[in-house]
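> Protein chains in written order, with the numbering used here: chain A, 1 to 211; chain B, 212 to 422.
Glycine included, each C-beta is placed from N, C-alpha and C at the ideal position.
Starting off with a structure, shown below.
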């Protein structure tokens, strides 16, 4: 792997494990056993590393937020789709943990992150509309508008909520289960608007995926 | 007003306006036109100010999270009740904006904040159970458990979500409307489980409160 890519990967891991505010470029160089000068040859400063990581995150998120287009998604599609979104958030969770702090330092990041949030809301609304048209869901346009925003809030902040609720001792304990729980929480928002068969399918899926 | 109380009030305003990480004790003393020495006579450091502010917040939040006990709450009670919760969060919004950062520096705060989140979940569940017993709501215990957590997430992060979505230019623009919108978003989580009359009442209330 190239040094540049290793710097990005090491930074991501350190930011995720310790929080971005507590990690300096010296920590990153130390962890990699390279000189600070070598690191500065590739990146001018920490913010440049963060910007690059954000670009990676944004690319993956945009790919994930492509709503399945060809046919109406069923509950299992939606479960897997949401899981992908949560996995992306988990992979770059340091952004979400210090969101306001990071975004306030970088206007460009702020604009891009705002776009991701809009996209989350719009994709959620588009999927719901599709489900209504397919007769799987009953909801008014007003209800879909409120629902789509709630979906975006839960998808954005669920992992933060869980990590704040967990005691420090077991904060890294049940990560993958937290992702599945997040998917379940989002789908439970949608469930009351679904026809009976779809609700039953959600019940089965949650028994399967939640251990 | 006593100097000590003025320090707390000034700190709260500066933290809310500029973010806690960007404000030092010198900024606070400057803003009040007192010497740093005078400030240090009252508080050893910034974290002690934050702890005191958190105690105020916790007291108000605990008072707000007392579920109405005597009778089953109707939709208007719930609207006003939630509004109180959102107002408290708004008053101390700097905590929520840099939550992870602030809580990671202070273990005691972390424990207390976790308790507030648990209380939000429990109060939401208790109210829902009350509504089910009164025949106003139809939901299984499983549905109530998922719903109560979603209510707590929306109530905790709605203002963050809105401020991140808003462009910097109009971030302080529509504050009070954001509170009412937050209430509406939470009630829209509950609505699909309510009997028709209660849903209709929610529709009326949102027309009344959302301008």
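Alpha carbon to alpha carbon, how far is residue 316 of chain B from residue 125 of chain A?
Those two C-alpha atoms are separated by around 39 Å.
> Closer than 9 Å, CB to CB, is residue 184 of chain A near chain B or not?
Closer than 9 Å to some Cβ of chain B, the Cβ of residue 184 of chain A qualifies, so yes.
> Can you check whether the C-beta of residue 406 of chain B is within less than 9 Å of a C-beta belonging to chain A?
Chain A, which has no Cβ nearer than 9 Å to the Cβ of residue 406 of chain B, makes this no.
> List the residues of chain B that residue 149 of chain A touches, going by C-beta distances under 7 Å, in chain order.
Under the 7 Å cutoff, chain B gives 396.
> Looking at the structure shown, is residue 173 of chain A part of a helix, part of a strand, or coil, going by DSSP?
Confidence at residue 173 of chain A is low in this model, with a pLDDT of 45, below 50, so the placement of that residue is unreliable and no value is reported for it.
> For residue 76 of chain A, count the other beta carbons within 10 Å of its own beta carbon; 16 or more makes it buried, fewer makes it exposed. Which is it?
Exposed, by the Cβ-count rule.
> From the DSSP output, in three-state form, read off residue 32 of chain A for me.
Helix at residue 32 of chain A.
> How long is the line joining the alpha carbons of residue 154 of chain A and residue 273 of chain B, rounded to whole angstroms?
Roughly 24 Å between the two C-alpha positions.
> Around the C-beta of residue 384 of chain B, are 16 or more other C-beta atoms found within 10 angstroms, so that it is buried, or is it exposed?
Because residue 384 of chain B sits at a pLDDT of 45, beneath the cut-off of 50, its placement in the model cannot be relied upon, and the point is left open.
> Using 10 angstroms around the beta-carbon of residue 171 of chain A, count the other beta-carbons present and answer buried if the total reaches 16, otherwise exposed.
In this prediction, residue 171 of chain A scores a pLDDT of 49, lower than 50, which makes its location untrustworthy; no coordinate-derived value is stated.
> At the level of alpha carbons, what is the spacing between residue 221 of chain B and residue 205 of chain A?
The straight-line gap from Cα to Cα measures roughly 51 Å.
> Identify whether residue 421 of chain B lies in helix, strand or coil by the three-state DSSP scheme.
In this structure, residue 421 of chain B counts as coil in the three-state DSSP scheme.
> Using a Cβ-Cβ cut-off of 6 Å (strictly less than) and excluding sequence neighbours within five positions of residue 2 of chain A, which residues of its own chain qualify?
Nothing listed; no residue qualifies.
> Is it right to say residue 331 of chain B is buried, meaning 16 or more other beta carbons lie within 10 angstroms of its own, or is it exposed?
Its Cβ being crowded by 16 or more others within 10 Å, residue 331 of chain B is buried.
> Look up residue 194 of chain A in the DSSP assignment and give the residues it is bridged to.
Answer by DSSP bridge pairing, in chain order: A:137.
> What do you reckon, are the CB atoms on residue 25 of chain A and residue 40 of chain A nearer than 9 Å?
Yes; because the gap between Cβ atoms is below 9 Å, this pair is in contact.
> Going by DSSP in three states, residue 277 of chain B sits in which element: helix, strand or coil?
Here residue 277 of chain B sits in coil by DSSP.
> Taking the alpha carbon of residue 370 of chain B as the point to measure from, which residue in B:306, B:271, B:290 has its own alpha carbon closest?
The shortest Cα separation from residue 370 of chain B among B:306, B:271, B:290 belongs to B:306.
> At least one CB of chain B closer than 9 Å to the CB of residue 146 of chain A: is that the case?
Yes, its Cβ sits closer than 9 Å to a Cβ of chain B.
> Looking only at its own chain, which residues have a Cβ that is under 6 Å from the Cβ of residue 227 of chain B, when we skip the five neighbours before and after it?
Taken in chain order, the residues that qualify are 304, 305.
> Run through chain A and tell me which residues come within less than 8 Å of residue 368 of chain B, C-beta to C-beta.
The contacting residues are 153, 156, 157, 160, 161.
> Where does residue 124 of chain A fall in DSSP's three states?
It is helical.
> Which residues bound the alpha helix (DSSP H) around residue 85 of chain A?
Element bounds for residue 85 of chain A: 75-91.
> Are the C-beta of residue 99 of chain A and some C-beta of chain B separated by less than 9 Å?
So yes, residue 99 of chain A belongs to the interface.
> Mind checking if residue 12 of chain A is an interface residue toward chain B, Cβ cutoff 9 Å exclusive?
Not closer than 9 Å to any Cβ of chain B, the Cβ of residue 12 of chain A fails to qualify, so no.
> Which of the residues in the stretch 305-335 of chain B, read from start to end, lie with their CB under 9 Å from any CB of chain A?
Against chain A - using a Cβ distance shorter than 9 Å - the residues of the stretch 305-335 of chain B are 307, 308, 309, 310, 311, 312, 314, 315, 318, 321, 322, 324, 325, 328, 329, 332.
> Ordered along the chain, which non-local residues of its own chain (more than five positions away) have a Cβ less than 6 Å from that of residue 182 of chain A?
Cβ neighbours of residue 182 of chain A beyond the five flanking positions: 86, 158.
> What are the boundary residues of the alpha helix (DSSP H) that includes residue 214 of chain B?
Where residue 214 of chain B is concerned, the enclosing alpha helix (DSSP H) stretches over 214-229.
> Using the C-alpha atoms, what's the distance from residue 192 of chain A back to residue 199 of chain A?
Cα to Cα, the separation comes out at about 8 Å.
> Residue 100 of chain A by DSSP, collapsed to three states: which one?
It is helical.
> With distances taken between CB atoms, is the gap from residue 401 of chain B to residue 339 of chain B smaller than 9 Å?
Yes. Within cutoff.
> Please list, in chain order, the residues of the stretch 229-252 of chain B that have any C-beta partner in chain A closer than 7 Å.
Answer in chain order: 230, 232.
> So, is the C-beta of residue 376 of chain B closer than 9 Å to a C-beta in chain A?
Yes, residue 376 of chain B lies at the interface with chain A (some Cβ there is under 9 Å from its Cβ).
> What do you get for residue 47 of chain A, buried or exposed, if any count of 16 or more other CB atoms within 10 angstroms of its CB means buried?
Result: exposed.
> According to the neighbour-count rule (16 or more other Cβ atoms, all chains shown, within 10 Å of its Cβ), is residue 309 of chain B buried or exposed?
Buried is the call here.
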